[in-house]
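For reference, the structure is listed below as structure tokens.
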Amino acid sequence: MSLKACGINPALGLSPQRRELKPQGTLDFPCAGYAEHYAPDPAHSLPWHWHDEFEVIYILSGQLTVETPGAQYHLTEGDCIAVNAGVLHSANTATACEIRSVVFGQSLITGGKDTVFAKKYITPLAGCRAFRAYAFDRQAEAAVIDSFVAACGALAAEGPGFEFEVRARLSAVCLALCRHFAPDFAAGRTKPNQDEARIQQMLAFIQEHFDRPLTLAEIASAAGIGERECLRCFGKTIHIPPMQYLLKYRIMQGADALLARPADSVAQIAARCGFDNPSNFSQQFRRFYGCSPREYRNRKQ
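Counting along the sequence shown from 1, when you hit position 38 you're at 38 in full-length UniProt numbering, and nothing is skipped either side.
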């Protein structure tokens with residue numbers, strides 16, 4: 001079965017620019033399918049990241065909120081959403097959910113950069129700034145959603161010739177997106193959003209320096225802006241204050257370290273994650289995970 005768990009390890013799976021590093025599929029079949037259960041805690045959220053491939057997500061059960069800078073998509077069972085290549089996004093749930101997702105490279109559909117499929121359809125789609133993320137209409141576009149579900153099924157079954165079916169089904173999804181955004185193709189790729197560029201710079205700075213004391217001024221200076229503009233930028237794009245994001249990132253790093261470094265004490269891990277004392281780390285950890293660091297380690301092990 002080729003549907004894998006899709007969680008991203010924030011410590012290992014992202015570059016300093018929050019770009020996802022792990023390969024999607026293989027060079028000869030650039031497509032990877034994922035199956036995942038999300039629970040309402042930081043360990044089961046998808047942190048802010050981006051990748052060079054398209055991504056399509058189907059909600060098998062429960063509820064999921066997908067975010068892009070400045071936009072939120074509240075999805076329920078049966079909903080399906082597509083995210084464009086290169087778009088910063090995250091996902092979380094307030095209850096619980098089960099999803100199926102496929103991340104695939106443009107070449108899977110085009111067959112090469114010089115084909116008509118690339119020049120006329122996929123390259124303009126990937127370069128369309130109007131296409132950040134798109135939630136399909138469950139009634140008007142039911143056939144498109146069905147095509148995606150069939151692609152997931154083919155990936156899971158890996159029957160004879162499944163690669164042909166997966167490519168055909170995902171091509172149908174891409175064609176629907178092309179038809180929807182075709183009026184915006186003529187405008188081409190506009191200048192990248194300044195707020196998003198700044199957010200990527202500041203997130204990169206936080207990831208690189210989270211293990212030492214950080215101030216709002218330092219985070220803002222990473223993007224060459226002032227503190228007030230930093231607060232506005234975070235609030236507008238990812239809807240969380242910078243210092244709150246830093247705290248959550250440190251806690252998630254601590255959760256990873258508790259499992260990756262079983263010989264280290266809670267005090268040592270707290271220090272590695274930028275906390276000035278273990279009690280503060282334990283208090284904040286319980287706030288996010290609902291248990292102490294030791295309880296979390298024992299439960300996961």
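Cβ atoms here follow ideal geometry from the backbone N, Cα and C, with glycine treated the same way.
Exposed unless 16 or more other CB atoms sit within 10 angstroms - verdict on residue i
i: L27; result: exposed
i: D79; result: buried
i: S90; result: buried
i: R169; result: buried
i: Q194; result: exposed
i: Q139; result: exposed
i: E295; result: exposed
i: F164; result: exposed
i: G159; result: exposed
i: Q301; result: exposed
i: P23; result: At P23 the pLDDT is 44, less than 50, meaning the model places this residue with poor confidence; the figure from the coordinates comes in the next sentence. Result: exposed.
i: Y289; result: buried
Candidates the options: closest to residue i by CA position
i: L175; options: P124, A157 and R132; result: P124
i: S45; options: A85, F148, C31 and I99; result: I99
i: R250; options: A140, I122 and F275; result: F275
i: Y34; options: T76, A151, K119 and W48; result: A151
i: T76; options: L88, N84 and I57; result: I57
i: K236; options: E196, E208 and I225; result: E196
i: A154; options: W48, A32, R297 and A118; result: A32
i: D211; options: K248, F288, V102 and P47; result: K248
i: F131; options: L60, F54, G224 and L214; result: F54
Anticipated Cβ contact below 8 Å, residue i with residue j, distance rounded
i: A257; j: I269; result: 5 Å
i: I219; j: P183; result: That belief does not hold up - the Cβ atoms of I219 and P183 are roughly 39 Å apart, past 8 Å.
i: A222; j: M252; result: A222 to M252, Cβ: 20 Å. No contact.
i: W50; j: L88; result: 5 Å
Item to check | the segment 69-85 in contact with the segment 111-119 per 3-pair CB rule at 8 Å | outcome: no
Item to check | 3-residue-minimum beta strand (DSSP E) runs that sit fully inside the segment 92-148, ordered along the chain | outcome: 97-104 and 133-135
Checklist entry - Which full runs of the alpha helix (DSSP H) of 4+ residues lie inside the segment 246-294, going along the chain? => result Runs found: 266-272 and 278-289.
Item to check | Within the segment 168-209, ranges of the beta strand (DSSP E) (whole runs, at least 3 residues) | outcome: none
Item to check | Stretch pair the segment 119-137 + the segment 79-88: three plus CB contacts closer than 8 Å | outcome: yes
Checklist entry - In chain order, which beta strand (DSSP E) runs of at least 3 residues are fully inside the segment 38-84? => result Taken in chain order, the unbroken stretches of beta strand (DSSP E) that lie wholly in the segment 38-84 and span 3 residues or more are 46-49, 54-68, 71-76 and 80-83.
Item to check | Length at least 4, wholly inside the segment 215-240: the alpha helix (DSSP H) runs in chain order | outcome: 216-221 and 227-237
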